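Undergrad: What follows is a structure written as structure tokens; I'll ask about it next.
Protein chains: 2
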Amino acid sequence: MDELDSAIVRELQRDARQSNRDIARKVGVAPSTSLERIRLLRERGVIRGYHADIAPSALNRGVQALVSVQVRPLSRGVIDAFKAFAAQLPEVLSVFVMAGSDDFVIHVSAQDNEHLHAFLVDRLSQRKEIVGFRTSIIFQHLAKHDPAPLPAP
Amino acid sequence: MDELDSAIVRELQRDARQSNRDIARKVGVAPSTSLERIRLLRERGVIRGYHADIAPSALNRGVQALVSVQVRPLSRGVIDAFKAFAAQLPEVLSVFVMAGSDDFVIHVSAQDNEHLHAFLVDRLSQRKEIVGFRTSIIFQHLAKHDPAPLPAP
DNA sequence: TGCTGAGCCGAACGTTGTTCGGCAGTCAGC
DNA sequence: GCTGACTGCCGAACAACGTTCGGCTCAGCA
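Here you go:
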């Protein structure tokens, strides 16, 4: 991860669909060089993929929420099973496994409040390992798609 | 947003860096057609961008947390100002503006626990409008990068 | 000094992006 | 039913691009 790698990563975070030649020009190397760097970054697992960012409303996901979930017993089996269950639900956007008073925080979205409610009471609360959950509606979500590298510790 | 648009969006969510010809072949149209569709999807704001997914550790972000924040007074000015402040901090990955007992949930990451703590007490808690916040460490974060469209309501 | 390896470059060639003219299907108005 | 306008798709053409590979430079080391 030298300065060149960082510059390439920054460009791909900003716009993953620009041409390799554009990237090479912006970071100041030959296209063959940046191509090889990108190949190595993927191989080393630094770059995990490239994804289009889609407006939620276009996917019929007008309402979003964070759901804090407590499960019992707190064993690996229960945690892994619940994690896999949650991740596979279509309404779930992302699953956080947490330390602290909540065991999971789940970022979900649905067509509207009615569907969200139905999802919570029909799907989520079915699970026997859940001993409690708390849902908070998201008014607005600002996501940074190009987090900068922090200085080395 | 017909079936063709959905198929194209799905492909770009899965891999935003594949060639337009590949996408066209997979969804069963001519490359010129899929190119035009993609152009329109961007123009309509359905596709908001393309971003590389980078391993957090490669950005020196070994520890992540969710911070629930309460601010007062709950006026638009205070909310907008705090939102802008939070979004601009390098440690912040994303900002949720919430309904319910917490006003914000902030997804942050830092090099290690020490830096995280320093960030919380030196940067975040400086803000006068904050009347309380609660930090929960994230053990694991599973993100779905290709949420499927939900059935129309 | 000479050797070795790593990293970058530039040329070359097959592949792709992008534009544009044309064609088929649809629909409104008559 | 006919006409005309419109929309969306296709395929060809050319410029631009991706990808490979041989060779060059330079640092490190003995």
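Going down the list, the sequences are from chains A and B. Everything in the first sequence is counted per our numbering, starting at 3 for the first residue and increasing by one. Everything in the second sequence is counted per our numbering, starting at 3 for the first residue and increasing by one. Here a beta-carbon is modelled for each residue, glycine too, at the ideal position from N, C-alpha and C. From a predicted model like this one, the values you see are computed outputs, not experimental measurements.
With H, G and I counted as helix, E and B as strand and the rest as coil, what does DSSP make of ALA145/A?
TA: Correct three-state label for ALA145/A: strand.
Undergrad: Which word fits SER34/B, buried or exposed, when buried means at least 16 other C-beta atoms lie within 10 angstroms of its C-beta?
TA: The residue is exposed, with fewer than 16 neighbouring Cβ atoms inside 10 Å.
Undergrad: Near LEU6/A, which residues of its chain fall below 7 angstroms by C-beta distance, leaving aside the five closest residues on each side in sequence?
TA: Once the five neighbours on either side are set aside, the close Cβ partners of LEU6/A are VAL29, VAL31, ARG39.
Undergrad: Flag LEU95/A as yes if its beta-carbon sits less than 7 angstroms from any beta-carbon of chain B, otherwise no.
TA: Answer yes: the Cβ-Cβ gap between LEU95/A and chain B drops below 7 angstroms somewhere.
Undergrad: Within the same chain, show all residues whose beta-carbon is closer than 8 angstroms to that of HIS2/B, passing over the 5 residues directly before and after it, in chain order.
TA: With chain B running from 3 to 155 in the structure shown, residue 2/B is simply not present.
Undergrad: According to a CB-to-CB cut-off of less than 8 angstroms, which residues of the segment 101-115 of chain A neighbour chain B?
TA: Answer set for the segment 101-115 of chain A: ALA101, GLY102, SER103, ASP104, VAL107, SER111, ALA112, GLN113, ASP114.
Undergrad: Please list the residues of the segment 131-149 of chain A that have a C-beta atom closer than 9 angstroms to any C-beta atom in chain B, keeping them in chain order.
TA: Answer set for the segment 131-149 of chain A: ARG136, THR137, SER138, ILE139, ILE140, PHE141, GLN142, HIS143, LEU144, ALA145, LYS146, HIS147, ASP148, PRO149.
Undergrad: CA-CA distance, LEU126/A and SER96/B?
TA: Distance between the alpha carbons of LEU126/A and SER96/B: 25 angstroms.
Undergrad: Between the alpha carbons of ASN62/B and SER111/B, how many angstroms are there, rounded?
TA: Taking the straight line from one Cα to the other gives about 9 angstroms.
Undergrad: Thinking just about the alpha-carbon of each residue, which of GLU45/B, LYS146/B, GLN15/B, HIS119/B is nearest to the one in ARG136/B?
TA: Per the Cα distances, HIS119/B.
Undergrad: Leaving out the 5 sequence neighbours to the left and right, which residues in its chain are closer than 8 angstroms to ALA83/B when beta-carbon positions are compared?
TA: Answer for ALA83/B: GLU131, listed in chain order.
Undergrad: Measuring only the C-alpha atoms, how far is PRO155/A from PHE121/B?
TA: Approximately 14 angstroms, taken between the alpha carbons.
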